[in-house]
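**Q** Everything in the sequence shown is counted per the working numbering, starting at 57 for the first residue and increasing by one.
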Amino acid sequence: MARSQRGVRRGNVAAADVCLFRGPLTAPLVGPSILSADFTRLGAEVRDVVRSGADYIHVDIMDGHFVPNLSMGPAICAAVRRAAPRVWIDVHLMIGNPRDFIDPFVRAGANNITFHLEVERKPRALLRRIKESGLTAGIAIKPKTPWTALAPVLDEADLFLVMSVEPGFGGQAFMRSSLPKVRAIRTRCGPLRRVEMDGGIAPDTAVACRDAGCDTLVAGAHVFGATNRRAAIASIRGARGIRGR
Ligand code: DX5
Ligand code: ZN
């Protein structure tokens, strides 16, 4: 995967040959979460948000144990890959045993895999393993986990996912307590790694996220529920670029 962002075409992501989650960025990335898509027509939904300007697709994997909900597995990730062969796929594992599911999601066409710090005793080794598979590697923290828990992996992860809701469901209210954590991580991880927020992202909360230094924004309900998805994605991305660095 090339490190350069050259060649990223808004609304028609050339992700197959561009590494979206590593290296410099000039504008925030917006990734619709298919948790809020119409599953009866998933392929059309994915293609529609990509046509509407999505930079990547966020795939939420839940096990009914780490979070109180079940969602989807590698077969759905593979279906997204078939529906949009060139789109960047960001897999968010909300499961208790992420180690067991790296290979299935690599085979299913994921570009990035993020797992939760709370469930992994050797996060550094798992980040390395994901990267050795040719993907970028992310690590996530729940709202009650302090950012300092990430200190040992600040130089290893490509992406830090700061949850702005308790993971498990789409459509929840944004928790502002996540913003200082983003600021602290951004200051320490530098501009070449992604800081992603997930949960309750809409145009107003996205402003606060970007100002805190977040460059990668997941949005489910707000994008898939919008009448004008192009406008929804553009308003989450904002016009001012990435602040807080
Ligand atoms: C929550 C998931 C999120 C969710 C976001 O556990 O990780 O990705 O789909 O949905 P919204 O944007 O509706 O809060
Ligand atoms: Zn998510």
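Each residue gets a CB set at the ideal place from its N, CA and C atoms; glycine is no exception.
Everything numeric in this text was worked out from a predicted model, so none of it was measured.
#1: Give the straight-line distance between the Cα atoms of V69 and A134, rounded to the nearest whole angstrom.
#2: Where does G99 sit, in a helix, a strand or coil, going by DSSP?
#3: Can you check DSSP and say which residues form a bridge with N153?
#4: Quick check on DSSP: helix, strand or coil for D159?
#5: For V209, collect the residues of the same chain with a Cβ closer than 7 angstroms to its Cβ; drop the 5 residues on either side in sequence, then sort them by chain order.
#6: Distance check for R239 and F216, CA to CA, integer angstroms please.
#7: Beta carbon of G87, beta carbon of T261: below 8 angstroms?
#8: Which whole-angstrom value describes the C-beta separation of I158 and V136, a residue pair presumed to lie in contact below a C-beta threshold of 8 angstroms?
#9: Just the residues with CB closer than 6 angstroms to a heavy atom of the ligand ZN, in chain order, which are they?
#10: Indicate whether the contact test is met: 3 or more Cβ pairs, each with one atom in the stretch 186–203 and one in the stretch 216–234, closer than 8 angstroms.
#11: Is it the case that the CB of H278 approaches a heavy atom of the ligand DX5 more closely than 7 angstroms?
#12: From this set, D146, S291, L206, which residue's C-alpha is nearest R78's C-alpha?
#13: Any chance the CB of F225 is under 7 angstroms from a heavy atom of the ligand DX5?
#14: With respect to the beta strand (DSSP E) encompassing H278, which residues constitute its N-terminal and C-terminal limits?
#15: Please classify L248 as buried or exposed, where buried requires at least 16 neighbouring CB atoms within 10 angstroms.
#16: Span of the beta strand (DSSP E) holding V218?
#17: Fully enclosed by the stretch 197–256, which beta strand (DSSP E) runs are 3 residues long or longer?
#18: When the Cβ atoms of the stretch 161–170 are set against those of the stretch 89–101, are three or more pairs found closer than 8 angstroms?
**A** Straight from the coordinates:
#1: Residue placement at V69 is poorly supported in this model, since its pLDDT is 42, which falls under 50; the coordinates are not used for a value here.
#2: The answer is helix: DSSP assigns G99 an H, G or I state.
#3: Per the DSSP secondary-structure output, N153 pairs with nothing in a beta bridge.
#4: D159 sits in a helix when the DSSP states are folded into three classes.
#5: Result list for V209: P179, R180, L183, I195, in chain order.
#6: Rounded to whole angstroms, F216 to R239 spans 12 angstroms at the Cα level.
#7: Not in contact: G87 and T261 (Cβ atoms no closer than 8 angstroms).
#8: Incorrect: roughly 17 angstroms between the Cβ atoms, too far for contact.
#9: Around the ligand ZN, the residues selected by a Cβ distance under 6 angstroms to any of its heavy atoms are S89, H114, D116, H148, D254, V274, following chain order.
#10: Because the criterion of three Cβ pairs below 8 angstroms is met, the stretch 186–203 and the stretch 216–234 touch.
#11: True, at least one ligand heavy atom lies under 7 angstroms from that Cβ.
#12: When each option's Cα is compared against that of R78, the closest is D146.
#13: The answer is yes for F225.
#14: From DSSP, H278 is part of no beta strand (DSSP E) but of the alpha helix (DSSP H) over 277–280.
#15: Taking a 10 Å sphere around the C-beta of L248, we find fewer than 16 other C-beta atoms and assign the residue as exposed.
#16: Counting along the chain, the beta strand (DSSP E) containing V218 begins and ends at 215–219.
#17: With a minimum length of 3 residues, the continuous beta strand (DSSP E) runs that stay inside the stretch 197–256 are 215–219, 250–254.
#18: The answer is no - the stretch 89–101 does not touch the stretch 161–170, with fewer than three Cβ pairs under 8 angstroms.
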